[in-house]
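Enquirer:
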Amino acid sequence: MPASYHPSLGIAAIAVHQPAWELENSWFGSTMPRKFTHHTGIEARGISVDDELTMGLHAVRRLQQETGCNLADCRGIVFVSPSFIPPSVARRHLPASQVASERPSRAARQLARVLGVRRCRTVGLNWFCCGYSRAFAVVQRRWAPRLALRRDEFLLVVVATRISRITDYSCSQTSGLFGDMASATMLTSPASRRHPVHFEIVHADAEKQPAEKAAFDFHVRKHVPMPVAGGGVEHAEERLVYSIDGMAIAEIAPRAMSAAVAKSLAAAGLAGGDVNFVVPHQAGSGIVRFAGMKLDEHGVGGELINGLTRRVGNVSACSVPFALKETWTRLRGLIACPTAAVGSPGRREVLQGCILLRATAAHERQAAAAA
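Going by my numbering, the first residue of the sequence shown is number 5, and it counts up by one from there.
Pasting the structure below:
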């Protein structure tokens with residue numbers, strides 16, 4: 005452990021909100037490639053009828069139920085939404101009256117108001133599937149040095165992804181990939197007794213890197229089929245949708261995630277052999293397997309968590325908090341959580357990030373007792 009390591013914040017709890025509506029692979033019929041499930045591990049995905057703000061609210065309310073937290077003790081909210089339309093695209097394709105509603109910063113302020121949180125700073129961001137790691141980097145670098153959280157105070161990282169609203173359901177390559185979900189992560193100081201830290205934040209980073217070509221963009225499509233709750237299909241005469249070069253992402257993402265882990269370990273003065281668990285962005289079981297191979301090349305060991313997309317799909321920036329929640333009692337020691345994402349629409353770039361966590365002694369005792 006480097007001498008400069010002084011954890012200032014950590015994860016005390018995570019709550020997850022999943023939509024009640026699950027869209028099975030059978031809905032796609034013959035338009036879904038036969039090897040889709042084999043390559044991705046996805047059999048169904050959640051579809052939300054609520055907007056991102058409402059989804060985030062559901063996640064926070066669940067966190068309140070599970071932890072008994074008092075929102076008067078919340079000092080900051082980071083609102084992350086990878087399904088918000090980027091400003092450059094919104095200005096080009098949406099009416100001027102709708103552009104403001106696509107701003108994560110506006111949603112962050114709205115969420116604070118709805119929750120009745122007054123003494124609270126807010127920030128909103130997108131960063132697609134790297135949104136969670138970017139949020140942690142913002143908190144660790146910008147907020148932690150300025151905020152001296154009192155014993156019962158906390159911060160919230162709220163993620164709400166509703167990519168179903170921008171999915172091109174006529175595209176056989178991408179229409180089955182993503183699912184909707186929301187999560188709320190509570191961050192507290194190591195001194196907190198009411199909400200003790202389970203995983204200390206050792207390091208957090210997210211950055212843009214150049215890519216050989218653009219792999220992501222938005223388009224307006226005509227007569228797009230869409231699922232209807234309870235079964236069936238309807239068609240949108242015109243719909244703004246995303247497009248992804250799946251082959252390019254399958255090549256780029258594993259390399260980006262492994263590189264992000266190696267860079268974070270070096271910044272923290274740690275080695276690949278120090279890692280006990282790797283909890284990567286659950287883009288799909290095939291991509292995670294490839295990421296594991298690339299991690300081996302960097303000397304990163306530890307158990308690789310995979311296979312969590314089966315009933316939820318790729319839930320973008322929610323995938324790491326969801327995976328941490330699902331494997332909570334299994335996790336020990338040093339945990340690397342790498343992420344990778346497409347860059348800005350039409351740009352030759354890739355996003356990559358990593359959060360390094362260390363399980364506290366209290367967490368390991370509790371996990372051992374639960375086992």
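Glycine residues also receive a C-beta, built at the ideal position from the N, C-alpha and C atoms. Since the model is a prediction, treat every value here as computed from it, not as a measurement.
Extract the residue ranges of the alpha helix (DSSP H) inside the segment 255 to 294, only unbroken runs of 4 or more that lie entirely within it.
Expert: none
Enquirer: Could you pull out every residue in the same chain whose Cβ sits closer than 8 Å to the Cβ of E47, ignoring the five residues on either side in sequence?
Expert: E28, N29, T41, R314 and R315
Enquirer: What separation, rounded to the nearest whole angstrom, lies between the Cα atoms of V82 and P231?
Expert: 31 Å
Enquirer: Only counting the same chain, and skipping five residues up and downstream in sequence, which positions put a Cβ closer than 6 Å to that of F140?
Expert: A208 and I359
Enquirer: In chain order, what residues of the same chain lie with their CB nearer than 6 Å to the CB of L181, ignoring the 5 residues before and after it?
Expert: N318
Enquirer: Please classify P108 as buried or exposed, where buried requires at least 16 other C-beta atoms within 10 Å of its C-beta.
Expert: buried
Enquirer: Check the DSSP bridge columns for H367 and list the partner residues they point to.
Expert: Paired residue(s): none; H367 is not in a bridge.
Enquirer: In the DSSP assignment, find the alpha helix (DSSP H) that holds T331 and state where it starts and stops.
Expert: Premise fails: T331 is in no alpha helix (DSSP H) and is neither H nor E.
Enquirer: Please return the same chain residues whose Cβ sits closer than 6 Å to the Cβ of V237, not counting the five positions on each side in sequence.
Expert: P229
Enquirer: According to DSSP, is P231 helix, strand or coil?
Expert: strand
Enquirer: Counting C-beta neighbours from all protein chains within 10 Å, is the total for N310 16 or more, i.e. buried, or is it exposed?
Expert: buried
Enquirer: Kindly confirm or deny that the segment 11 to 27 and the segment 49 to 66 touch, where touching means at least three C-beta pairs closer than 8 Å.
Expert: yes
Enquirer: Look up D209 in the DSSP assignment and say whether it is helix, strand or coil.
Expert: Of the three classes helix, strand and coil, the one that applies to D209 here is strand, per DSSP.
Enquirer: Could you have a look at P325 and say whether DSSP puts it in helix, strand or coil?
Expert: In the three-state DSSP reduction, P325 falls in the helix class (H, G or I).
Enquirer: When DSSP labels each residue in this structure, what does R38 get in the three-state scheme?
Expert: coil
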